[in-house]
Amino acid sequence: MNTKRWVALGAAVVLLFGSILISALINLSKSNFAGQFEKLTSTSLLESNMTRKTIEEGSNTSQIALLKVDGTIQDTGDTTSILGSNTGYNHQQFLKQLDDIKADTNVKGVVLSVNSPGGGVVESKQVYEKIKAIQDARKIPIYVSMGSMAASGGYYISAPADKIFVDEETLTGSIGVIMQAVNYSELADKYGVSFETIKTGPYKDIMSGSRKMTEGDRKILQSMVDDSYKRFLNVVADGRDLPMAAVKKVADGRVMNGSQAVKAGLADDFGYTADAIAALKQDKDMKGSKVFEYNTQDSISSLFSTKVSSLFGASAETQAITKLLSNYNNAPRMMYMYGAE
Numbered sequence: 001m002n003t004k005r006w007v008a009l010g011a012a013v014v015l016l017f018g019s020i021l022i023s024a025l026i027n028l029s030k031s032n033f034a035g036q037f038e039k040l041t042s043t044s045l046l047e048s049n050m051t052r053k054t055i056e057e058g059s060n061t062s063q064i065a066l067l068k069v070d071g072t073i074q075d076t077g078d079t080t081s082i083l084g085s086n087t088g089y090n091h092q093q094f095l096k097q098l099d100d101i102k103a104d105t106n107v108k109g110v111v112l113s114v115n116s117p118g119g120g121v122v123e124s125k126q127v128y129e130k131i132k133a134i135q136d137a138r139k140i141p142i143y144v145s146m147g148s149m150a151a152s153g154g155y156y157i158s159a160p161a162d163k164i165f166v167d168e169e170t171l172t173g174s175i176g177v178i179m180q181a182v183n184y185s186e187l188a189d190k191y192g193v194s195f196e197t198i199k200t201g202p203y204k205d206i207m208s209g210s211r212k213m214t215e216g217d218r219k220i221l222q223s224m225v226d227d228s229y230k231r232f233l234n235v236v237a238d239g240r241d242l243p244m245a246a247v248k249k250v251a252d253g254r255v256m257n258g259s260q261a262v263k264a265g266l267a268d269d270f271g272y273t274a275d276a277i278a279a280l281k282q283d284k285d286m287k288g289s290k291v292f293e294y295n296t297q298d299s300i301s302s303l304f305s306t307k308v309s310s311l312f313g314a315s316a317e318t319q320a321i322t323k324l325l326s327n328y329n330n331a332p333r334m335m336y337m338y339g340a341e
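First residue of the sequence shown: 1, per full-length UniProt numbering; consecutive thereafter.
Below you can see the structure in the form of structure tokens.
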């Protein structure tokens, strides 16, 4: 036979075996897919952020939870990207983890690892209140390990901890509130763009980018920012057991490194997450305790993320799409935030 015949024969064999394989998969899926899918989508698995992974073996009746806040503290809904991988901090999942710890009497201590520039005033306050609820209801120690950054809202959620560990180079502090918006009214005037706004009151379009801010606007917004700032000051003063005067001295929005934070009384000691865990065990006589952390991906995402990620890779385009899809809304809002949003 010539080359063309061999090619034709090879193609026929491939098609034959392909059709046999497809038929077998279809038959298999008909019998098993429904049951397998039901298992994958069960409530317990879809909420697998509540499942735990043991980091250090130890007593089941004396456990230490390692919690992680990595990224901006804001409620963007589900942070699982279209590629199946978890894209960062998930606010609702983290709140559920805190509730789980509060309900579990086998958890005797918490180490909170914080690597965050801060976030929304509401979200930061929600995390803070959950941590306080754990302390009030369970009377268990909570230690914080700050990473490269734990500023503004990152510090807000850390303040009630029994002990705060930093690296000398950790960026922290930035105690204050910020509210920003882009005003493009002069640019619009330059290019002859006008905005027709129908509103029910003079402040309905407050902080709109289409007009200049009035003194009335500024007074209203400043009063809101000042209220949130007062709450932040009280959180720090109460959490760190510092006089208000000492807090205000460093609460002008300045950022500081870990060494400066320790000197100012905003942190206690130097070390990393492992050091915070070791200190908690030593300080609270918990040397035989199990240490665990929560899984951060749901089951279906975990099933597909590795394959999909390997297929597409972490290209610049993929990262840009993921960031675009996970962006918070652009409405002006008050933030406990250091740096650009």
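Don't be surprised by glycine CBs; every beta carbon is placed ideally from N, CA and C.
Is the number of C-beta pairs between the stretch 109 to 117 and the stretch 141 to 159 that are closer than 8 Å three or more? yes
May I ask you to verify whether the stretch 128 to 145 touches the stretch 98 to 110, counting CB pairs closer than 8 Å and requiring at least 3? yes
Sort out for me which residues DSSP pairs residue 63 with in a bridge. As a working mapping, residue 63 is identified with position 63 in the sequence shown. Bridge partners of residue 63: 107, 290.
Residue 188 - DSSP class collapsed to helix/strand/coil: Walking along the sequence shown from the start, residue 188 turns up at place 188. Residue state, collapsed to three classes: helix.
Since residue 138 is in the alpha helix (DSSP H), which residue starts that stretch and which ends it? For this step, residue 138 is matched to residue 138 along the sequence shown. Following the DSSP letters along the chain, one finds residue 138 inside the alpha helix (DSSP H) bounded by residues 121 to 138.
With three or more C-beta pairs closer than 8 Å as the rule, is the stretch 62 to 70 touching the stretch 282 to 297? yes
Please go through the same chain and pick out, in chain order, the residues whose beta-carbon is closer than 7 Å to the beta-carbon of residue 225, but skip the five residues on each side of it. Your numbering for residue 225 matches position 225 in the sequence shown. Excluding sequence neighbours, residue 225 sits near 177, 179, 334.
Out of curiosity, what's the CA-to-CA distance linking residue 54 and residue 60? The residue given as residue 54 occupies position 54 in the sequence shown. The residue given as residue 60 occupies position 60 in the sequence shown. Approximately 10 Å, taken between the alpha carbons.
For residue 125, count the other beta carbons within 10 Å of its own beta carbon; 16 or more makes it buried, fewer makes it exposed. Which is it? Counting from 1 along the sequence shown, the entry for residue 125 is found at position 125. Buried: at least 16 other Cβ atoms inside 10 Å.
Tell me the rounded alpha-carbon separation between residue 236 and residue 129. To locate residue 236, count along the sequence shown from 1; it is residue 236. To locate residue 129, count along the sequence shown from 1; it is residue 129. Roughly 13 Å between the two C-alpha positions.
By Cβ distance, which residues of its chain are closer than 6 Å to residue 202, with the 5 residues on each side in sequence left out? Start at 1 with the first residue of the sequence shown, and residue 202 comes out as number 202. Correct list: empty, nothing qualifies.
Applying the 10 Å Cβ sphere with the 16-neighbour rule, what's the burial state of residue 133? The sequence position of residue 133 within the sequence shown is 133, counting from 1. So residue 133 counts as exposed.
The stretch 153 to 163 contacting the stretch 179 to 199, beta-carbon criterion three pairs below 8 Å: no
According to DSSP, residues forming a beta bridge with residue 112: Within the sequence shown, the letter at position 112 stands for residue 112. In the DSSP output, where bridge partners are listed per residue, residue 112 has 67, 144.
Which ranges does the alpha helix (DSSP H) cover as unbroken runs of at least 4 residues, wholly within the stretch 179 to 234, from first to last along the chain? 185 to 190
Mind checking which residues open and close the alpha helix (DSSP H) that includes residue 277? If you number the sequence shown from 1, residue 277 lands on position 277. Segment 273 to 283, the alpha helix (DSSP H) holding residue 277.
With a threshold of 16 other CB atoms inside 10 Å of the CB of residue 90, please say whether the residue is buried or exposed. Counting from one through the sequence shown, the residue named residue 90 turns up at place 90. Under this definition residue 90 is a buried residue.
Excluding five sequence neighbours on each side, which residues of the same chain lie with their C-beta closer than 7 Å to the C-beta of residue 352? A question about residue 352 goes unanswered here, because the residues of the chain that appear run from 1 up to 341.
Mapping DSSP to helix, strand and coil, what is residue 157? Counting from one through the sequence shown, the residue named residue 157 turns up at place 157. Of the three classes helix, strand and coil, the one that applies to residue 157 here is coil, per DSSP.
What is the DSSP secondary structure of residue 171, counted as helix, strand or coil? Counting from 1 along the sequence shown, the entry for residue 171 is found at position 171. Three-state result, residue 171: strand.
Is it true that the CB of residue 119 sits closer than 8 Å to the CB of residue 272? One-based indexing of the sequence shown puts residue 272 at position 272. One-based indexing of the sequence shown puts residue 119 at position 119. No.
For residue 195, which option in 211, 204, 207 has the closest C-alpha, if you only look at C-alpha atoms? Residue mapping note: residue 195 aligns to position 195 of the sequence shown, counting from 1. Considering only alpha carbons, the answer is 211.
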